[in-house]
Amino acid sequence: MSEISGSSILVTGATGSFGKAFLKYALTHLDPHRIVVFSRDELKQYEVRQIFGDDPRLRFFLGDIRDRARLDRAMHGIDHVVHAAALKQVDTAEYNPSEFVATNINGTQNVIDAAIHAEVKKVVALSTDKASSPINLYGATKLAADKIVVAGNHYAATHPTRLAVVRYGNVMGSRGSVVPFFRKLAAENQSLPITDKRMTRFWITLDQAVEFVVNSFDVMRGGELYVPRIPSMRILDLVEAVAPDSPIHEIGMRPGEKLHEEMIAADDSRRTLRFKDRYVVQPVAASWGYQAPEGGEQVADGFNYRSDNNDLWLSVDEMRDLLSEK
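Counting from 1, one number per residue, gives the positions in the sequence shown under full-length UniProt numbering.
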């Protein structure tokens, strides 16, 4: 049984792809006392209500993480927080930087402050591979958010609240995933646009992401950045798995895009421990009495975790099997 079983949970950005998958898992497996569905989109909240019906454990709370007072109200009596709300489109961020700063950085600070004020037990914030060695504004705001979450443990030291971060790569089935886009083009007998044939990416399913987050609540002590050990895949193998025999054409990498994804930078290697299912990046400074998790293996100095140097790879057949389960 998970630590968060039977508790009161708040999920920011709960009407997104991860949020809906988390709600389904929690209602099925965690028997929550209540879940506060916190998001700013009225239509999406309506659509989520249609999915889950009138489950009395769900509370639909319209609000924006930019609004600290609204978060204070929503977190009353909450035990655990999953912070998934963010602005995420790379190209949109470059044209609207102040909006991404307001949501991803300032909004995250509001979530932390409200959680500490409400004496929430634990907070897990979702990150992205783009936060490691960021080359675009979106990644930079998420790196700042990661640092803010970890540093929040300093300010929560005399409170019961502890905070950690989970970082992972591409999610199969999420909004904006390339898989449904490729399938649509293939069905229309169109050529598939490939940015670069050498490209590799990390892959994780929504269910795996949800279970990893739930497990992180169980093992966290506060201040950790958890990175799941997940497989990589070559973009050409993905095309073969999703739309075999479809023509392709290269369009070049988009601004702010990387050839290979990175989830742990080499400069973080000295603070990184390897476990069977994850890497744990420990905090730079920990005044709240942080203790390193037991059983981890220190990675080599200069180690970095990228999609092209990964020791786990998805084959074409394995990807097809995963997609058939969706």
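Beta carbons are placed, not taken as given, at the ideal position from N, Cα and C, and that holds for glycine.
Helix, strand or coil at residue i [DSSP, three-state]
i	result
THR161	coil
SER17	helix
LEU194	Note that residue 194 is Ile in the sequence shown, not Leu. Correct three-state label for ILE194: strand.
GLN89	coil
residue 337	Here the chain has residues from 1 to 326 only, and residue 337 is not among them.
MET253	coil
THR103	helix
GLN109	helix
HIS29	helix
GLN298	strand
PRO134	coil
PHE275	coil
PHE217	helix
SER65	The displayed chain sequence assigns Ile, not Ser, to residue 65. ILE65 falls in the coil class under three-state DSSP.
LYS121	coil
PHE202	strand
THR12	strand
HIS76	coil
VAL150	helix
PHE181	helix
PHE303	coil
ARG320	helix
ILE4	coil
ARG70	helix
ARG49	helix
TYR95	helix
MET230	A quick correction: the sequence has Ile, not Met, at residue 230. Three-state DSSP puts ILE230 in coil, outside helix and strand.
residue 332	Outside the shown range of the chain, which is 1 to 326, sits residue 332, and nothing can be said about it.
LEU23	helix
Reference residue i, options the options, closest by Cα
i	options	result
GLN190	LEU163, ARG59, ILE248 and LEU143	ILE248
ALA85	THR12, GLU262, PHE217 and ARG270	THR12
LYS24	GLY53, ARG40, SER39 and ASP41	GLY53
LEU312	PRO231, HIS80 and ARG183	PRO231
TYR305	GLN89, ARG274, SER287 and THR15	ARG274
ASP237	ASN215, MET199 and GLU211	MET199
LEU322	VAL171, THR272, VAL213 and LYS88	VAL171
HIS76	PHE22, ARG66, ARG34 and PRO180	ARG34
GLN298	VAL281, ASP308 and ASN310	VAL281
ILE264	ARG254, GLY295 and ALA300	ALA300
GLN50	ALA69, LYS20, SER177 and PRO255	LYS20
residue 341	ASP67, ALA14 and ARG70	Past the boundaries of the shown model lies residue 341; the chain is included only from 1 to 326, so the question cannot be answered.
ASP55	TRP203, VAL179 and VAL36	VAL36
GLN109	THR128, PRO97, ILE78 and ASP64	ASP64
ILE235	LEU314, VAL214, PHE303 and GLY222	LEU314
Buried or exposed by the 16-neighbour rule on C-beta atoms within 10 Å, applied to residue i
i	result
PRO134	buried
LEU192	buried
GLN291	exposed
ASP317	exposed
MET319	buried
ALA279	The displayed chain sequence assigns Tyr, not Ala, to residue 279. Looking at its Cβ environment, which holds 16 or more other Cβ atoms inside 10 Å, TYR279 is buried.
PRO32	buried
ARG73	exposed
HIS80	buried
GLU325	exposed
PHE181	exposed
ALA187	exposed
ALA285	exposed
ASN309	exposed
LYS276	exposed
ALA253	First, the amino acid is wrong: residue 253 is Met here, not Ala. Label assigned to MET253: exposed.
LYS184	exposed
ASP245	exposed
SER216	buried
ALA156	buried
ALA69	exposed
8 Å contact criterion, which residue i and residue j should meet: CB distance rounded
i	j	result
ILE4	LEU43	About 28 Å separates the two Cβ atoms, so there is no contact after all.
ARG148	VAL82	The amino acid occupying residue 148 in the given sequence is Ile; Arg does not appear at that position. The Cβ separation is near 16 Å, so there is no contact.
ASP218	SER7	Contact doesn't hold; Cβ gap of about 12 Å is too wide.
VAL111	PRO283	The Cβ separation is near 18 Å, so there is no contact.
LYS130	MET220	With a Cβ gap of about 23 Å, LYS130 and MET220 do not count as contacting.
ARG40	LEU62	7 Å
GLU261	SER307	4 Å
PHE18	LEU126	7 Å
SER287	HIS159	Contact flag wrong, Cβ pair sits at about 14 Å.
LYS197	GLU240	Their Cβ separation, rounded to whole angstroms, is 12 Å, which puts LYS197 and GLU240 out of contact at 8 Å.
LEU27	GLU94	The pair is not a contact, with the Cβ atoms about 38 Å apart (cut-off 8 Å).
VAL179	VAL242	6 Å
GLN45	PHE60	5 Å
Could you tell me whether the segment 103 to 123 touches the segment 140 to 157, where touching means 3 or more Cβ pairs closer than 8 Å? With a cut-off of 8 Å, the segment 140 to 157 and the segment 103 to 123 count as touching, because enough Cβ pairs lie within range.
Stretch-stretch touch, CB-based, cutoff 8 Å, three pairs: the segment 156 to 172 with the segment 224 to 232: The segment 156 to 172 vs the segment 224 to 232: in contact.
Do the segment 113 to 120 and the segment 283 to 300 meet, that is, are 3 or more Cβ pairs less than 8 Å apart? The segment 113 to 120 is not in contact with the segment 283 to 300.
At least 3 beta-carbon pairs within less than 8 Å: the segment 254 to 272 vs the segment 206 to 218: Flag = no, the segment 254 to 272 and the segment 206 to 218 do not touch.
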